[in-house]
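Numbering (my numbering), first residue to last: -2 to 158.
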């Protein structure tokens, strides 16, 4: 498995820390109520008009079943550019940008069919001051284009690894 060195935006979902490739992030916005779409799954909150672009908004907390979402001053929407499409994802909070070397990223353990880990790039342990934390690194492009999300159609171009 190729380890993905680079910079990651870390964010919080429930009590866990996740990271996504910073190059996929277009902007970070405070949470705002969306226009709901009829018959959309619960994890698709609706759409926002972002400077003339209609952007679907996915609540990652609901989709991943991590926690009951609470919308407060810490809740943010991370606007992503994924497979040449713009999509927003709602998370509990954004932490920081972390630069990781390939040797700092460990492969995710294989849980078999018990846990869907196909969207996990790896896990990194980060030590800052006296605190050590685990960062679960997601392949957000693969996650957002996957059949179970269905927000963005698979790109006809090959996704490079």
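Don't be surprised by glycine CBs; every beta carbon is placed ideally from N, CA and C.
- The bridge partners DSSP lists for residue 83 are 78.
- Annotation: residue 53 to residue 130 spans about 31 Å, alpha carbon to alpha carbon.
- A straight line joining the alpha-carbon of residue 9 with that of residue 88 spans about 6 Å.
- In the DSSP assignment, the residues bridged to residue 8 are 15 and 91.
- Note on geometry: alpha-carbon atoms of residue 18 and residue 91 lie some 13 Å from one another.
- Between residue 6 and residue 22, the CB-CB gap stays under 8 Å.
- Distance from residue 121 to residue 134 at the Cβ level is roughly 6 Å; contact confirmed, criterion being Cβ atoms closer than 8 Å.
- Inter-residue distance for residue 13 and residue 132 is about 8 Å (C-alpha atoms, whole angstroms).
- Nearest Cα to residue 68 within the set 27, 142 and 82: 27.
- The three-state secondary structure of residue 21, taken from DSSP, is helix.
- Look at residue 99 here: in three-state DSSP terms it is helix.
- Around residue 24, the same chain offers 76 as residues with beta carbons nearer than 6 Å, after the five sequence neighbours per side are excluded.
- With a 10 Å radius around the Cβ and a threshold of 16 neighbouring Cβ atoms, residue 57 comes out buried.
- Residue pairing from DSSP leaves residue 69 without any beta-bridge partner.
- One Cα belongs to residue 103, the other to residue 97, and the distance between them is close to 11 Å.
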